[in-house]
Structures are given as C-alpha cells and as structure tokens.
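Remarks on the structure that follows.
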Amino acid sequence: MNRRAVITGIGVIAPSGNSASEHWKTVVAGENRIAPITHFDASAYSTTLAGEVRDFVPEEYLDRRLIVQTDRWTWMSLAATAQALSDAELDPAGLDPFRMSVALASSSGGNEFGQRELQRLWSGPKRTVGTYQSVAWFYAASVGQTSILHQMKGPSNVLVAEAAGGLDSLGYAARMIGRGADVVLAGGTEAPLGPYALTCMQCSGWLSRQQDPARGYLPFDADAAGYVPGEGGAIFVVEEEQHALRRGAPYVYAEVAGYAATHDGRTSRPRGDVTGEQPSKYLAAALNRALDRAQTSPEQTDVLFADAVGVPAADRAEAEAIRTVFPDGVPVTGQKGLLGRAVHGSSALDVATAVLAMREQTLPAFGASPNPAPGCELDFIAAPQRAAVDVAAVAARGYDGFNSALILRRPEGVSQ
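With the working numbering, the residue at position 411 of the sequence shown is 411, and numbering never jumps.
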C-alpha cells in the first residue's frame with residue numbers, strides 16, 4: 001500500500017519571526033537578522049555575532065511548571081509544535097495515540113539549563129544540581145516532552161547528525177508514515193548561544209570572526225570566512241495523505257517525496273580538509289538518490305535550498321556537487337546568511353521556507369547575495385520572483401561528514 005507523507009502544519013520560532021507568516025515576510029523582504037550576541041557577554045569570544053530569536057515569550061505557549069523543567073531549546077520546540085498543530089487544525093486528543101509519533105532532530109541539547117546547573121554544582125555552597133538536570137539537558141528531551149504533552153505513543157526517535165538532522169527527521173517521519181503511523185511531528189529547534197556551547201562550536205574552526213553583521217556570513221562569496229551561529233527552527237505536522245483528507249485538513253503544503261543520506265566516512269578538520277572528491281561525491285549521491293526516490297529528475301526541480309555553510313572549501317565542494325547533479329543548472333537559494341546557522345534548526349527552517357514558497361508560488365532570493373568565489377558559481381536567485389514551484393530540493397550537511405537531501409513536491413489532486 002502506497003502511504004504518502006504530506007506536510008499539513010508548520011510552526012516556526014526563529015530569528016526571522018515567531019510564526020510561519022512572520023518568517024516568510026522576513027525572507028521575502030531579505031531582512032538581515034544577524035546582530036551582536038545579547039544572551040550573554042560574548043566580548044571575549046572571537047565570534048560575537050549570531051542570529052538570535054527575539055521577543056519569544058514561552059509563557060504564551062507553556063505552563064510555568066513545564067518551563068522550569070526544561071531548557072530554552074525545548075521551549076521553542078514545544079511552542080513551534082503548538083503552532084504546527086493549530087495550523088493543521090489537528091487535536092491529538094482525538095486520535096489513536098499509538099498511531100502518532102515524534103521524530104525531532106537534536107544537536108547539542110539543553111545548553112543553557114545544563115550550564116546553569118553545572119555552574120551551581122561547582123560554585124555553589126551546597127554543591128548540588130536541580131532535580132531536572134538529569135533530563136532537561138538531554139538531547140532527546142524535546143522528543144520526550146512533546147510525546148508526553150500530546151500523548152503520542154507510537155515509535156519515536158531523535159535524529160543526531162548536526163546540521164543535517166532537520167532533513168533526517170523528515171525522512172524518518174516519512175518512513176514511519178509508510179510503516180503505519182498516521183501523524184508524525186518532525187523538524188527541530190536549537191539554542192546553542194551560551195558560553196559553553198559557543199566555545200564548543202568555535203573548536204570546529206568554522207565560525208565567522210567578522211564584526212559587521214552585513215558581512216558576517218557570506219556563503220559561496222569570495223569573502224566567505226565561516227558561518228554565524230543561530231538559534232530556533234521549525235516543527236512540522238507530517239501526516240498520511242488519506243488520513244489528512246479524511247479528517248478535512250485545511251491545507252496540504254507538500255509531499256515528502258524523496259529523502260536520502262550519505263556519510264563522507266571521515267572526520268572534518270578545523271578550517272579545511274572538507275574539499276576534494278569525497279564531500280562533493282557523497283553530497284551529490286544523496287541528492288541523486290533523493291531525486292530517484294521521488295521519481296523526479298534534476299530538470300523538473302524548480303529550486304534548490306543549499307546548505308551554504310560559508311567555509312570556503314566546503315562551499316566549493318557543495319557547488320561542485322550541485323553542478324554534478326544539475327548540469328543544466330537549477331535556481332539556488334537559502335537564507336542562512338541573513339539568519340545564522342542554527343545547526344539542524346536551519347535545515348528544518350529551509351524546509352519551512354520551501355513549502356511556503358510552494359504555497360505562494362514565489363522563489364525567495366538567496367540571502368546575502370554572493371560575489372561568488374572561484375568554483376562557487378551557481379544560479380543564485382538575486383531577487384524574489386513569481387514562479388511555478390512544484391518540486392523543491394533541500395540539501396544539508398553536518399560537521400564530520402553527514403550529507404542529507406530532501407525532495408518536496410506540491411501535491412496534485414489535493415485541495416489547495
């Protein structure tokens with residue numbers, strides 16, 4: 001039996017705005033939301049810029065008792081989940097709990113909560129941590145809290161592949177739909193803007209040291225010098241197509257038509273060792289396999305959302321992979337240069353932008369339009385444009401060799 005996975009609800013908490021509609025307006029306007037870090041004093045760090053989530057009030061979404069048990073990363077995840085369920089007009093209480101699952105990505109877990117409690121342990125007079133330290137920092141905390149809150153008792157999972165995880169979660173969701181689930185929550189958020197978390201990211205050697213927000217994150221550009229970290233992400237209601245139709249889902253955004261993942265088979269090194277045959281070869285393989293599984297072709301692809309990490313060697317490898325898979329060219333976009341790279345949250349946010357582009361039949365511009373470095377010449381979208389957007393490809397790579405690709409298709413024969 002062919003059980004198709006479709007996206008029926010979207011929730012966004014991101015530097016671009018705290019809803020899908022705010023996010024889309026920011027993306028189309030090309031607004032740069034990168035700015036100096038305000039979560040803590042980052043003046044002693046070589047990286048001082050970030051894409052922060054502004055004006056987020058967790059009390060608008062969560063009970064205070066749950067807020068004190070969880071980290072900011074989970075607050076954003078639960079808030080985006082509430083938005084997605086509302087958007088899909090889906091009440092989990094009315095469905096079979098064993099046919100609903102949660103598949104979210106995670107990279108670094110509850111950073112703020114964990115650092116606060118460990119500082120209390122080693123500097124406080126009582127040398128203790130709070131009761132919830134055992135669970136709030138854990139990378140599976142958002143999956144656990146979401147499944148408990150909404151009583152989703154089907155097989156659930158957390159996907160860990162650094163920035164590629166946002167796509168992996170949707171691939172896993174489609175797989176669960178194929179195996180009998182009716183509803184899967186997928187996507188992910190990230191909150192890595194704290195002293196310890198930023199220190200860890202700096203160890204990669206991939207972070208930008210620029211001080212000017214307008215020049216901080218320039219993927220594929222001749223002046224590219226690394227990425228600016230970010231936070232937030234997106235959560236999706238992924239639903240079996242017939243289930244969505246039977247219950248009268250108000251809107252079907254896209255079908256999760258194809259997914260594939262590969263691995264380079266080696267460890268990355270700071271500031272390089274990401275070029276050469278393997279990275280481009282395996283990213284190209286992921287894109288080709290995803291297209292094959294979607295039963296579509298490069299020529300039928302209307303837009304590609306690039307990973308766009310902003311590290312020169314990695315950018316060249318990605319550009320090579322894109323030219324290999326799309327020899328006749330493909331319109332390329334991506335907004336990380338305006339919002340920061342929120343690890344797996346950014347690949348989930350790319351999916352949100354892609355499905356909104358399908359709804360609006362508009363191609364958003366590539367953020368921080370590049371002056372392409374040698375080897376990075378691609379068909380970048382210079383300005384928003386009305387266009388048929390029926391098939392979208394999203395590429396994502398995670399530090400240490402992860403490559404993922406997702407193909408989204410605008411549904412046919414479904415009420416739009």
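Ideal placement from N, C-alpha and C gives every residue a C-beta, glycine not left out.
- Scanning its chain for C-beta atoms nearer than 6 Å, with the 5 sequence neighbours on each side dropped, one finds around V309 the residues Y227, in chain order.
- Per DSSP, the unbroken alpha helix (DSSP H) holding I67 starts and ends at 64-67.
- Under the three-state reduction of DSSP, P364 is assigned to coil, being neither helix nor strand.
- Straight across, the Cα-Cα distance linking I10 with D87 is about 6 Å.
- Every alpha helix (DSSP H) of 4 residues or more that sits fully in the segment 23-104 is shown, in chain order, as 64-67, 72-88.
- In this structure A342 is in contact with G233, their Cβ atoms being roughly 6 Å apart against a cut-off of 8 Å.
- A distance below 7 Å between beta-carbons, with the five flanking residues on each side excluded, links H39 to the following residues of its chain, in chain order: E52, L193, G194.
- Put simply, the backbone Cα of Q300 is about 21 Å away from that of V252.
- For P195, the enclosing alpha helix (DSSP H) has its first and last residue at 195-202.
- Around the beta-carbon of W206, 16 or more other beta-carbon atoms lie within 10 Å, marking it buried.
- For G188, the enclosing beta strand (DSSP E) stretches over residues 183-190.
- Residue Y45 holds the alpha-carbon nearest to the alpha-carbon of Q211 among T333, Y45, N371, P364.
- Between the segment 93-109 and the segment 154-163 there are three or more C-beta pairs closer than 8 Å, enough to call the two in contact.
- The beta carbon of F113 is closer than 8 Å to those of T70, D71, R72, Y132, Q133, A136, W137 in its chain, skipping five residues each way along the sequence.
- Between A257 and M358, the C-beta spacing is not below 8 Å.
- Of the candidates S156, K126, E117, the residue whose Cα lies closest to the Cα of R99 is S156.
- Contact check for E231 and G345: beta-carbon distance about 7 Å, within the 8 Å limit, so the pair qualifies.
- Put simply, the segment 360-380 does not touch the segment 287-294. Fewer than three CB pairs are less than 8 Å apart.
- Considering only A306, R323, A261, P298, the residue with the shortest C-alpha distance to Y282 is A261.
- One Cα belongs to L198, the other to A249, and the distance between them is close to 41 Å.
- Apart from the 5 residues on each side of it in sequence, D182 sits with its Cβ closer than 8 Å to the Cβ of L95, D96, R99, M100, E239, E240, H243 in its chain, given in chain order.
- Straight across, the Cα-Cα distance linking F305 with T189 is about 18 Å.
- Two segments are said to touch when three or more pairs of C-beta atoms, one from each, lie closer than 8 Å; by this definition the segment 73-83 touches the segment 145-153.
- The C-alpha of A392 lies about 15 Å from the C-alpha of F366.
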